[in-house]
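Numbering (the working numbering), first residue to last: 1 to 86.
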């Protein structure tokens, strides 16, 4: 893999090379898709956290919450302390 920058200090011909569209555009699209998925996942984690707290405050035990949420006990305990899953 070639570096993006080719230069020496004081080099007047230093240049930044941008990959051609057939390389750059699919990468940029994949990055955008991952960003959207990450944002959706964070939003879903906030909703899940709130629902876990509601179920717990309604008196449903940790065992049921663990089974229903498919989370680890450490994650459920974090949520119950008010911490975010992300």
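A virtual CB, placed ideally from N, CA and C, is assigned to each residue, including glycine.
Spell out a yes or no on whether the segment 34-54 and the segment 64-80 are touching, meaning 3 or more CB-CB pairs, one atom from each, closer than 8 angstroms.
yes
So, residue 47 versus residue 56, is the Cβ gap smaller than 8 angstroms?
The sequence position of residue 47 within the chain shown is 47, counting from 1. The sequence position of residue 56 within the chain shown is 56, counting from 1. Not in contact: residue 47 and residue 56 (Cβ atoms no closer than 8 angstroms).
For the alpha helix (DSSP H) holding residue 18, just list the boundary residues, first then last.
The count along the chain shown starts at 1 and reaches residue 18 at position 18. Looking at the DSSP string, residue 18 is not in any alpha helix (DSSP H), and its letter there is neither H nor E.
Just verifying my parser: in three-state terms, what is the DSSP assignment at residue 63?
Residue mapping note: residue 63 aligns to position 63 of the chain shown, counting from 1. The answer is helix: DSSP assigns residue 63 an H, G or I state.
Check residue 82 in the structure and name its three-state DSSP category.
Residue numbering aside, residue 82 sits at position 82 when the chain shown is read from its first letter. Residue 82 falls in the coil class under three-state DSSP.
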